[in-house]
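2 protein chains.
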Amino acid sequence: MIDLREILLPNIPDDNEKREISEITESLISGIRQILARDGINATPVLVGSTAKHTNLKNADIDIFIVFDRKFSERQMESIGIRIGHEVLPDGIERYAEHPYVSGYIRGRKIDLVPCFRIESNTRIISSVDRTPLHTEYVLTHLDEKRRNDVLALKLFMKSIGVYGSEIRVQGFSGYVCELLVICLGSFQKVLERFASQKGRLVIPETTPLAAKYRSPVVIEDPTDSSRNAAAAISLENLSIMKIESRLYLHSPSKSFFTKPQQEKPLPYKDRGTCIRIVTLPKPDLVDDVIYSQAQRARKILVEHIVDTGFHYMDSELYVGNEIEIMIETESATLPGVTRHVGPPVDTPNSMAFIMKWKDGKSVRGPYVIDDRICIDAPSVARDIETAIFSAFSGANIGKNLDPVKGKARIIDPSGSDTAYMVLGKFYSRKIHL
Amino acid sequence: MIDLREILLPNIPDDNEKREISEITESLISGIRQILARDGINATPVLVGSTAKHTNLKNADIDIFIVFDRKFSERQMESIGIRIGHEVLPDGIERYAEHPYVSGYIRGRKIDLVPCFRIESNTRIISSVDRTPLHTEYVLTHLDEKRRNDVLALKLFMKSIGVYGSEIRVQGFSGYVCELLVICLGSFQKVLERFASQKGRLVIPETTPLAAKYRSPVVIEDPTDSSRNAAAAISLENLSIMKIESRLYLHSPSKSFFTKPQQEKPLPYKDRGTCIRIVTLPKPDLVDDVIYSQAQRARKILVEHIVDTGFHYMDSELYVGNEIEIMIETESATLPGVTRHVGPPVDTPNSMAFIMKWKDGKSVRGPYVIDDRICIDAPSVARDIETAIFSAFSGANIGKNLDPVKGKARIIDPSGSDTAYMVLGKFYSRKIHL
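Going down the list, the sequences are from chains L and Y.
When we follow the numbering used here, the leftmost residue of the first sequence carries the number 1, and every step to the right adds one.
When we follow the numbering used here, the leftmost residue of the second sequence carries the number 1001, and every step to the right adds one.
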């Protein structure tokens, strides 16, 4: 049997860190209060996120929301919010998620200052960020200290197996989902037992009408808004991994399920008897979620085009570092020289037009008949993978912020050199935590 | 408008040939009668086939059946039939279809002497060969001279576009089917109009219960046995070709639809940017139908195995000459070095066994999760096409008469030389008659 407290100890804040977080938080909140009073603005600074809910692991960010009265316009709320942010975080930079916000560091700790609107439970919201203060309140009133440790253990477990985080890069379980799982199911152990035995989708509560409304693999009704699925971000893959790892853990519990996952590291090309190419794109200066969703779209367009062109797609990988790296693996680097065009069924009038079009030696072979279709063999148009990758991007819009830079895309054949790439490291080492 | 008589004239027997056929036939029949009388055997020689029905094109075979009383056993019928055959055709050789028979040449003309049993219309038969004399009688009583010319034109048309002949090599329209089509539909022109406008299967008469019983593309009730589909041999491909060519002919009639199809000729390898291999097998000394059905089976086994192995199959071709030549075309000559094994769904108990089996670095990569399945990458077993072709035959029974000689199979890469092969000629020139 694993002693969870023993596992948690090195991973949660010690007294020094707790004091430091308090000091930073209090100084920021009082600083903001003073500005609000000085400028006569009807708004309240609120600590949210894991530090507010006492479910923070070591080195957690501090998230402070500046909650504005609804009499402000969205524009006012945003511009005042940003101004205050810069005032209390002089080195902070502006980022953009649903609202713009200011992000910076104090004593090495990441601080986010986010303006939002004040709302009540189960009311219509302007943006989902506005709900965050309600989540904080709900968790504070529903989690006692013992169960906060269960949440911490669950977060640690999920981090270790790579399914923690609702950002688009991960598509995993958010901190709030971890908290709801423990609140609803009772403990770390009970949460894992549920995943281990769960077949198909996970729906909590089982009677929620959201299950019929949404097709997502995990549906957890948000107690602060019964119309919202708090688990909408979670991919089928991450649900599957959580089921498997829960079973593995319950079968033989071990501390290894709580150790940090292996650090992603760059690797050079390794021959798998396949064709591997890396496409790089400059990374626009935007929040990860925006970049990731566009980079994933670019990857999807690339893969679909490669398949449409006739290449036999095997796998792909995405990494966003200083650049966007998309890796694609196909069975071979070239297509056959001819492609069969299957024409219309013989019983349709179009079949005669197809024959007429191709009759005078315009094809490599045919027209000929297979079963009830007319076919011809035509020369393949683009035969090499580079041409296919190039035309994938030139023909499609790959996203608002990537499309303008797609002219700077580079296609790299990594097989010729020892250069290591993060995307190759991620690709070659794909493996569940065992 | 095409004058069919003008087209037929050079393709049907002139008076000399007619006289020659009569002489040969009469001499054979009287020779057989004498032997039967001499030996006191209750049997009758009957001229059958196209020369009996006056629907013979130039240089037709002469088919004579020796029709035995049912009091003989099958064994007696066959052995006596063969003995008589050898007596009247001293250079004849024994062949085997449904019964054994004797085949030889007189004055350069092919003669088949076939023993069979006497049966009546719509009675149970011992073998389908026994029905042939009834077909002769039916056609003689239902086709007048004018419509015999329609049959001849139809045969000529079908020969020209390559769909004439019910042998397994062709899977096309038999002479008897041509005769039934003209009898039922009225004329050459009406037969083509029917094919040109036909959607889906061709069923004659439309009310026949055989249509529900058999799935063949063409169903024509045999008037001498209402339970038999006289058109069972015809492939969907040949029905499709007949529909297309009928439309092309009716749209712009031309003599070219009655010229002999281009002679099949050997061709050397021509690069299509694909992988082409030829497998040759010794040809057993059997009738074509038996060899073809086994060779087609061998081709099917080969193609299925190649696909199962992971190669991307493009096309194949079969030619039976002095040897059996099977050609297979794939996109490339090698497989990628790794293959993804998609394991059981995460929700099944087997998924854990799969993980345990592959966990300790036994795979090239993984186990990893895709959606709700566990996967691993394993090294591909046989990577080159030669190995795959070789293992296709070693693992399967490729037919009663081919299996004993499969050890003598040769796998040829034709790209290295200028050697011409019939199977390549057939493959490269596949094209409907235009």
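Just so you know, even glycine gets a beta-carbon here, dropped at the ideal spot from N, CA and C.
Is there a C-beta anywhere in chain Y that falls below 9 Å from the one on residue i?
| i | result |
| --- | --- |
| L/GLU206 | no |
| L/LYS159 | no |
| L/ILE119 | no |
| L/VAL346 | yes |
| L/ARG365 | yes |
Hey, could you find the ends of the alpha helix (DSSP H) residue i is sitting in?
| i | result |
| --- | --- |
| L/PRO133 | 132-142 |
| L/TYR428 | 422-428 |
| L/THR44 | Segment 43-48 is the beta strand (DSSP E) holding L/THR44; no alpha helix (DSSP H) there. |
| Y/GLU1193 | 1188-1197 |
| L/SER438 | No answer is possible for residue 438 of chain L: it lies beyond the span of chain L, which begins at 1 and ends at 434. |
| L/PHE257 | No alpha helix (DSSP H) contains L/PHE257, which DSSP labels as neither H nor E. |
| L/LEU202 | Where L/LEU202 is concerned, there is no enclosing alpha helix (DSSP H), although the beta strand (DSSP E) it sits in stretches over 202-204. |
Would you mind reading off the limits of the beta strand (DSSP E) that contains residue i?
| i | result |
| --- | --- |
| Y/MET1077 | That residue, Y/MET1077, is in no beta strand (DSSP E); its alpha helix (DSSP H) goes 1074-1088. |
| Y/ILE1376 | 1373-1379 |
| Y/PHE1068 | 1062-1068 |
| Y/HIS1341 | 1338-1345 |
| L/PHE117 | 109-117 |
| Y/ILE1183 | It is not in any beta strand (DSSP E) - Y/ILE1183 instead sits in the alpha helix (DSSP H) that spans 1175-1185. |
| Y/TYR1319 | 1313-1320 |
| L/MET327 | 323-330 |
Which word fits residue i, buried or exposed, when buried means at least 16 other C-beta atoms lie within 10 angstroms of its C-beta?
| i | result |
| --- | --- |
| Y/LYS1093 | Checking the sequence, you will find Ile at residue 1093 of chain Y rather than Lys. Exposed is the call here. |
| L/GLU331 | buried |
| L/ASP285 | exposed |
| Y/HIS1305 | buried |
| L/ARG365 | buried |
| Y/ASP1308 | exposed |
| L/PRO404 | exposed |
| L/MET1 | exposed |
| Y/ARG1277 | buried |
| Y/ASP1069 | exposed |
| L/PRO379 | exposed |
| L/LEU134 | buried |
| L/GLY395 | exposed |
| L/HIS99 | buried |
| Y/MET1356 | exposed |
| L/ASN149 | buried |
| Y/VAL1170 | buried |
| L/ALA230 | buried |
Strictly below 7 Å CB to CB, what residues from chain Y border residue i?
| i | result |
| --- | --- |
| L/TYR368 | ARG1430, LYS1431, ILE1432 |
| L/SER216 | The premise fails here: L/SER216 is roughly 13 Å from chain Y at the closest Cβ pair, so nothing lies under 7 Å. |
| L/GLU20 | Per Cβ cutoff of 7 Å: no residues; L/GLU20 is ~39 Å from chain Y at best. |
For residue i, go through chain B and note every residue whose CB falls closer than 8 Å to its CB, in chain order.
| i | result |
| --- | --- |
| Y/MET1327 | As a matter of chain content, chain B is missing from the structure shown, whose protein chains are L and Y. |
Does any CB atom of chain L fall closer than 9 Å to the CB of residue i?
| i | result |
| --- | --- |
| Y/LEU1335 | yes |
| Y/ILE1291 | no |
| Y/GLY1200 | yes |
| Y/LYS1359 | yes |
| Y/GLY1172 | no |
| Y/ILE1374 | yes |
| Y/ASP1015 | no |
At a CB-CB cut-off below 9 Å, which residues of chain L make contact with residue i?
| i | result |
| --- | --- |
| Y/MET1352 | ILE244, ARG247, LEU248, HIS251 |
Under 8 Å Cβ-Cβ, which residues of chain L neighbour residue i?
| i | result |
| --- | --- |
| Y/ARG1194 | Going along chain L, no residue has its Cβ under 8 Å from Y/ARG1194, so there is no contact; the nearest lies around 14 Å. |
| Y/ASP1371 | LEU236, GLU237, SER240 |
Under 9 Å Cβ-Cβ, which residues of chain Y neighbour residue i?
| i | result |
| --- | --- |
| L/GLU331 | GLY1310, HIS1312, GLU1331, SER1332, LEU1335, PRO1336 |
| L/GLU264 | Ordered by position in chain Y, no residue passes the 9 Å Cβ test against L/GLU264, which lies about 15 Å from the chain. |
| L/GLY440 | Examination of residue 440 of chain L is not possible in this model, given that chain L is present from 1 through 434 alone. |
Just the chain Y side, please: which residues come within less than 8 Å of residue i by C-beta, in chain order?
| i | result |
| --- | --- |
| L/ILE355 | ILE1244, LEU1248, ILE1432, LEU1434 |
Examine the ligand MN and report whether any of its heavy atoms sits within less than 8 Å of the Cβ of residue i.
| i | result |
| --- | --- |
| L/LYS362 | Because no ligand of any kind appears in the structure shown, any question about the ligand MN cannot be addressed here. |
query: At a Cβ cut of 8 Å, what residues of the stretch 1399-1423 of chain Y count as close to chain L, listed as they run along the chain?
result: none
message: Using a Cβ-Cβ cutoff of 8 Å, what residues of the stretch 291-317 of chain L are near chain Y? List them in chain order.
response: From the stretch 291-317 of chain L, only HIS312, MET314, ASP315 have a Cβ closer than 8 Å to chain Y.
query: Listed from N- to C-terminal order along the chain, which residues in the stretch 209-243 of chain L have their beta-carbon within a distance smaller than 7 Å of any beta-carbon of chain Y?
result: LEU236, GLU237, SER240, ILE241, LYS243
task: Name, going along the chain, the residues of the stretch 1128-1139 of chain Y whose beta-carbon falls closer than 8 Å to a beta-carbon of chain L.
output: Interface annotation for the stretch 1128-1139 of chain Y against chain L: empty, criterion Cβ-Cβ distance under 8 Å.
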